[in-house]
Every structure is written in structure tokens, then in C-alpha cells.
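Undergrad: First the structure, then my questions, so here it is.
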Amino acid sequence: MQDFGQAFSLAFALVFSGDADLLEIIVLSLKVSLTAVGLSCAIGLPLGAGLAISRFPGRGVVLVVVNALMGLPPVVVGLMVYLTLSNAGPFGWLQLLYSPSAMIIAQTVLITPIIAALSTQVISDLHAEYAEQFRSLSVSPRHAVTALLWDARFSLMTVALAGFGRAVAEVGAVIIVGGNINHLTRVMTTAIALETSKGDLALALALGIVLMTIALVVTAMVMTMRRTATAYAYA
Amino acid sequence: MPMLEAQAGTLHTMAVNRTQPGATMPLAVRGLVLDANGTRLLGPLDLTLSHGSLSVLMGPNGAGKSLLLRLLHGMIKPTSGEITWAGEPLNDDHRRRQAMVFQTPVLLRRSVAANIDFVLKQRGAAKYATRSGVLEKVGLQDKARQPARLLSGGEQQRLALARALATEPEVLFLDEPTASLDPASVLMIEEIVRAAQDQGTKVIFVTHDVGQARRLADEVIFLHRGHVLERTAAAQFFDTPNSHEAGEFLAGRIVL
Ligand SMILES: Nc1ncnc2c1ncn2[C@@H]1O[C@H](COP(=O)(O)OP(=O)(O)OP(=O)(O)O)[C@@H](O)[C@H]1O
Ligand SMILES: [Mg+2]
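Right under this line is the structure:
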């Protein structure tokens, strides 16, 4: 067990030395979470836009469900994906458990409801404003959805960043389906959890510093995006 | 108004090619009623509008002018009664030949030019010439690259009109399109509207401005508390309106 100050100086040394193991973990984390965000947007944005502009019986129930799914605990998602992908599960034959793909699936399940619910809100507001003008111009539903997604692009990028922030910071889902295997499925959060319990505080702290930096960068991007959008009256 | 006509000729050189002018006219309204939550907002109302005259819709605040325009354009469904265009109920094809400038214009969160391109693409032809033509008409050619939402209120109204004109409509509904314009812009818009009417578009124009109505109208439809109180040729309306309320309205005494 290192003392506190020692752990900190070791951590900074690790971060600034460009340690290969550390880098591998960071790269895998980003790869997994960015892929998951990409997939979630591909599913969640059209779903959100569709929910925002359509009216059908049971729409209210669907909205409640999607919003409730936003708060899914990562460990529960991890467990469900684990059961689905384990040998006894329906997708066991894919042999995906304990691979980066399994982690991507778990994070996609975790953040798709976030993307869908937040984008429904964003697009509903815009649709309320545009709907009558679009009707007057005889805009087809397909064109309307494209136009709404495009005009809401700054807000939707913020939504995507929120999803990314949640994905990159969660540990419960990826540790269950990934297993924190060194050089294979070890990501920042699982490494922190494991190294802390093993007493290697330097690596854990180093990863913690990187995670905090990522969170800062994401927040800065969100704020810049908001400012740009307002400056050009696209907000 | 000789001045207006002279300028209109030079300002509007853009060709408007319509195969059958007024193919969707006449417009016939029978027993139109609109209720909301048990309150009668409009009607019962009968009206026939034909091609070839510029109809100005006047009436005090809350008379139902905007609602009537929305009903005619098919934005809202009447509680009862029927609206027919050339004998048929309003369909998508009719609406594609109509354009409406709403009382509060809704512009896309894009550049001025992109707002025009959007409607041109809807009609399957995003022609640069058309875009710059309509922008020039309303005096916004210098602002083409600017975000539409950053235009002044009056400029936004002009862009909304340009967007409507870009669709080369057969029927043009204008809901107080000059409400926040400066006097020079008002005259400019009136010339554009007059020219559109002269080139075969049926214009239905809502205004409170008596001076403007005098300058533009061929006929005036006076709406009061959801009823058409009178429909009179412009030459007669401003001097000897048929209804007491219209007289009060013209004299500047509020009639609600
Ligand atoms: N959706 C609605 N539900 C209930 N009442 C409504 C609704 N829309 C409009 N009204 C009422 O109908 C009346 C007519 O409204 P409308 O907007 O047509 O007036 P207007 O003649 O255009 O007035 P203005 O000159 O102020 O634009 C108003 O009293 C308004 O409050
Ligand atoms: Mg109105």
C-alpha cells in the first residue's frame, strides 16, 4: 500500500510518460464507448424523432417506458446482457462474452434509451414550432424528420455527448460482460475498480485523472456547442 | 396608384409560368363553423371567392381572420360545413398550389438562402436563379448567407413572403404580412403582392391597416365576431360600408 502523496506523483508520472499499458486501456475505453454512442445514435435518434412527430395509441406509455429506461442501473444491464450472451443464453452461440463486442452491446443497451428520450424532447419542441409551417408547405414526413434532425443538430450533439459521458464512466455493465481481462477487455473504469482493490493506487489514480480530463473536455465541448448554436440562432 | 404600378413593372421581371391560372378557384365556403371547447369561434359562414380580384380580409382583433385563413388553407378542420376548391374538398394537391405567410413567421434554423432552398427542393427544383430572384424581390439578397433567425422582425416577415413566392402559388394567403415593417418596406411588399395578383395569383390579404386596404383591395370582406358582416367592392367599402360595425371600424372606433 503506497502512501497518498506517493500514489499521486506515480500517477502523474504514468500519465505523462505515455505508459503503453495505460494507453492501451484508454484507447480500448474510447473505442468501446464511442462505438456504443454511434450505435445508440443510429437507433435512438430516428426512434426519438419518430416518437416526437407521430401520434398513436399507447404513445404515452412508450414515452414513460423510454424515460424510465434512462435510469437503468448499469449492473442490471450488464447482468441482462450477460444472461443473453452466456453459453446458456439465446445468443450464446455468438461466443461474444468477455470480448469488447459484448461491452459495446452492453453500453449500447444502456445509453440508447438516453439518446432516444432526450432527442424525443428536443425534437418535440422543434416540431411544435415547425409543424404548421411544414403542413402548409406540404413537406413529406420523411423530409420533415430529416429537416428536424438537421435543424436540431446542435442540441442533438449535446445529447450524444451526454450519452458518451455516461458510457465512458460506467463500470457495472462492462465489468460483468467484459470481465476486465488484461490486454483484452480492460477499460478505464474496470481497471480503476480492480487496481484499487488490489492496492495499486497509482494506476487507478492515473486512470482517474484521465477520466476526469475526458469529462472536462466533454463538458467544454457541450458548452462551446451551446454557445455556437446561440450565436448563430440555431438553438 | 400609378407610382406603384410603374415600379411593380420593373421589380417583377421573374417569369411565373402557370399552365392553368386559377385552376383551383373558385373557392366556396358553405355553413362553415368552428367551435372550441363548446365556444363558437367562427361562423356559420358562407363565402365564395373567385379568381382575378385581390380580396382583403378586415376586422378587429379576435374577429377570426387568422382562423378563417387557417381553415381555408386546411391547417385546421372545421367543426362543420364545407370548403371546396373548384368544386372539390381541399386535398394535398390543392395545398401544394397554395402558400401562406403566417402572422408570426416560422423560419428554419438555417441561412436565409437555405430557407428558400428548402421550399424549392420540396417542389423538386432548387434553382439558384429562383432563389436569388425572390430574395432580390424582397430586398434580402445581401443577407442570403446570414442565419435567418438573426434577421430583424421586418426582415423575417419579408423572408417568409419570399419563401411563399418561391413556390409560385396559385393562391397566396397573407396574414398581416406587413405588421412590423417600416413604411418603405410596406410599400415594397404591397407592390410585390399586387404584381403577384396581376400575374394570376389569387391573393387573400389580412390587414387592420385601412390605408393599406385602400391601396390594395379589389374587394373587402369584413369579419366581426366570427361572422362575415359584409363583402363589398373596394370602391364602395371605404366610403359607404354596408354594416354599422364596418363604419365604426373605419372611423377608428373599436368594435368588439
Ligand atoms: N385554439 C383556440 N382555442 C380557443 N380559442 C381560440 C383558438 N384559436 C383562436 N381562438 C380565439 O378565436 C378568436 C379569433 O382568433 P383569430 O386569431 O382568428 O383572430 P384574428 O382576427 O386573426 O385577430 P388578430 O387581428 O388579433 O390577429 C380569438 O378570440 C381567439 O382567442
Ligand atoms: Mg390574426
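Line by line, the protein sequences are chains A and B.
1 is the number of the first residue of the first sequence in the working numbering; add one for each residue after it.
1001 is the number of the first residue of the second sequence in the working numbering; add one for each residue after it.
From the three backbone atoms N, C-alpha and C, an ideal C-beta is built for every residue, glycine too.
(1) Going along chain A, which residues have a C-beta under 8 Å from V1112(B)?
(2) Do the CB positions of F164(A) and V210(A) come within less than 9 Å of each other?
(3) Relative to the C-alpha of P1177(B), which candidate in F1102(B), F1237(B), R1131(B), N1115(B) has its C-alpha closest?
(4) Can you tell me whether Q1199(B) sits near ligand 2, meaning its C-beta is under 8 Å from at least one heavy atom of the ligand?
(5) Does any CB atom of chain A fall closer than 9 Å to the CB of N1242(B)?
(6) Mapping DSSP to helix, strand and coil, what is I1254(B)?
(7) Taking the alpha carbon of A167(A) as the point to measure from, which residue in T189(A), H183(A), N182(A), A152(A) has its own alpha carbon closest?
(8) Measuring straight from C-alpha to C-alpha, what distance separates A36(A) and S99(A)?
(9) Along the segment 1193-1227 of chain B, where does the CB come closer than 9 Å to a CB of chain A? Name the residues.
(10) Please state the DSSP three-state secondary structure of G1038(B).
(11) Spell out whether any CB of chain B is found under 9 Å from the CB atom of D151(A).
(12) For G5(A), count neighbouring Cβ atoms within 10 angstroms of its own Cβ and tell me buried if that reaches 16, exposed if not.
(13) Give the straight-line distance between the Cα atoms of M265(A) and L156(A), rounded to the nearest whole angstrom.
(14) Looking only at C-alpha atoms, which of P113(A), N180(A), R55(A), A147(A) sits nearest to G44(A)?
(15) May I ask which residues mark the beginning and end of the beta strand (DSSP E) holding V1203(B)?
(16) Would you call I1254(B) buried or exposed, if buried means 16 or more other Cβ atoms sit within 10 Å of its Cβ?
(17) Please list, following the chain, all residues that have a C-beta closer than 7 Å to any non-hydrogen atom of ligand 2.
(18) Residues of chain B with a CB under 7 Å from the CB of L137(A): which are they?
(19) With 16 other CB atoms within 10 Å as the buried threshold, where does N1270(B) fall?
(20) In terms of residue numbering, what span does the alpha helix (DSSP H) encompassing S29(A) cover?
(21) For T1084(B), report the span of its beta strand (DSSP E) as first-last.
(22) In terms of alpha-carbon separation, which member of R1123(B), E1219(B), G1139(B) lies closest to S1185(B)?
(23) Between which residues of its own chain and E170(A) is the CB-CB distance below 8 Å, once the five residues before and five after are set aside?
(24) Taking beta-carbon pairs under 7 Å, can you tell me which members of the segment 1071-1096 of chain B lie near chain A?
TA: Taking the structure as given:
(1) Counted from its first residue, the second sequence places residue 1112(B) at position 112. The contacting residues do not exist; V1112(B) stays about 12 Å from chain A at best.
(2) Translated into the one-based positions of the first sequence, residue 164(A) becomes position 164. Translated into the one-based positions of the first sequence, residue 210(A) becomes position 210. No, they are not a contact pair.
(3) Working through the second sequence from its first residue, we reach residue 1177(B) at position 177. For the residues F1102(B), F1237(B), R1131(B), N1115(B), the minimum Cα distance to P1177(B) belongs to F1102(B).
(4) The count along the second sequence starts at 1 and reaches residue 1199(B) at position 199. Every heavy atom of ligand 2 is 8 Å or more from the Cβ of Q1199(B), so no.
(5) On the second sequence, residue 1242(B) is found 242 positions in, with the first residue counted as 1. Contact with chain A is absent for N1242(B), since none of that chain's Cβ atoms lies less than 9 Å from the residue's Cβ.
(6) By one-based count along the second sequence, residue 1254(B) stands at place 254. It is coil, neither helix nor strand.
(7) The residue labelled residue 167(A) in the question sits at position 167 within the first sequence. Closest by alpha carbon: T189(A).
(8) Here residue 36(A) corresponds to residue number 36 of the first sequence, with the count starting at 1. Here residue 99(A) corresponds to residue number 99 of the first sequence, with the count starting at 1. If you take the alpha carbons of A36(A) and S99(A), they lie about 14 Å apart.
(9) none
(10) Position 38 of the second sequence, counting from 1, holds the residue named residue 1038(B). In the structure shown, G1038(B) sits in coil (DSSP, three-state: anything other than H, G, I, E or B).
(11) Taking the first sequence and counting its residues from 1, one reaches residue 151(A) at position 151. With 9 Å as the cut-off, D151(A) counts as an interface residue toward chain B.
(12) Start at 1 with the first residue of the first sequence, and residue 5(A) comes out as number 5. By the 10 Å Cβ count, G5(A) comes out exposed.
(13) In the structure as shown, chain A begins at 1 and stops at 235. Residue 265(A) is therefore absent and cannot be evaluated.
(14) Here the question's residue 44(A) lines up with position 44 in the first sequence. With distances taken between Cα atoms, G44(A) lies closest to P113(A).
(15) The residue given as residue 1203(B) occupies position 203 in the second sequence. Start and end: 1202-1206.
(16) Position 254 of the second sequence, counting from 1, holds the residue named residue 1254(B). Burial call: exposed.
(17) K1065(B), S1066(B), Q1103(B), D1175(B), E1176(B), V1206(B)
(18) Counted from its first residue, the first sequence places residue 137(A) at position 137. Ordered by position in chain B, the residues that pass the 7 Å Cβ test against L137(A) are V1119, Q1122.
(19) Missing from the structure shown is residue 1270(B); chain B here goes from 1001 to 1256 and no further.
(20) As a position in the first sequence, residue 29(A) is number 29, starting the count at 1. Counting along the chain, the alpha helix (DSSP H) containing S29(A) begins and ends at 20-53.
(21) As a working note, residue 1084(B) is residue 84 in the second sequence. Here the beta strand (DSSP E) through T1084(B) covers 1080-1085.
(22) Residue numbering aside, residue 1185(B) sits at position 185 when the second sequence is read from its first letter. Looking at the Cα atoms, G1139(B) is the closest of the given residues.
(23) Mapped onto the first sequence, residue 170(A) falls at position 170. Cβ within range, chain order: P74, Q107, L110, T189.
(24) H1073, M1075, D1092, R1095, R1096
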